[in-house]
Every structure is written in structure tokens, then in C-alpha cells.
Amino acid sequence: MPKNANSISLTDDELRYLTSVTQKGTVQARVYKRAKILLLKSQRLSNEFIAAYSNKTKKERPKTS
978 MPKNANSISL TDDELRYLTS VTQKGTVQAR VYKRAKILLL KSQRLSNEFI
1028 AAYSNKTKKE RPKTS
């Protein structure tokens, strides 16, 4: 049986790398956005939440852990 398409698990190295990408000030916007989506997905957040989060400006975004 195939895995649930909504589940994603990251290794510690992947988590560190993606976190560092989102904290850099000199990364391309699309790279930042993709890294952030992967980090949010690894927290088991819904696709709807991630889509809403991704389409808002920084001031409008809800806080995540």
C-alpha cells in the first residue's frame, strides 16, 4: 500500500539544511518558498494551511512553532 502523500519525514541533516536556507538573507525567493513548504509539511500541517501561509505576506502569516 502506498504511503500517504501528505506525510513527509526529514532527516536531521535535511531539517538543518532547510532551516538554514530559510534563515539566509541571500536565497532566491522560490528556493526559500520551497524550503519553507517542506518544513511546514514535515510538521504535518494541512495542504490548505500551507497554501494559505504561502500566499500571505510576512506580516499576515500566522505563527508556527
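According to our numbering, the stretch in the sequence shown is residues 978 to 1042, in order.
For each residue, glycine too, the CB sits at the ideal point set by N, CA and C.
- Unbroken alpha helix (DSSP H) run spanning residue 1019, endpoints: First-last of the alpha helix (DSSP H) with residue 1019: 1006-1019.
- Query: By Cβ distance below 8 Å, which residues in the same chain neighbour residue 1010 in space, the five residues on each side in sequence not counted?
  - Reply: 1031
- Query: Any idea what DSSP makes of residue 999, helix, strand or coil?
  - Reply: helix
- Please name the residue, chosen from 1003, 1000 and 1024, that lies closest to residue 984 on a Cα-to-Cα basis. 1024
- In whole angstroms, what is the alpha-carbon distance linking residue 992 and residue 1013? Using only the alpha carbons, I get a separation of about 11 Å.
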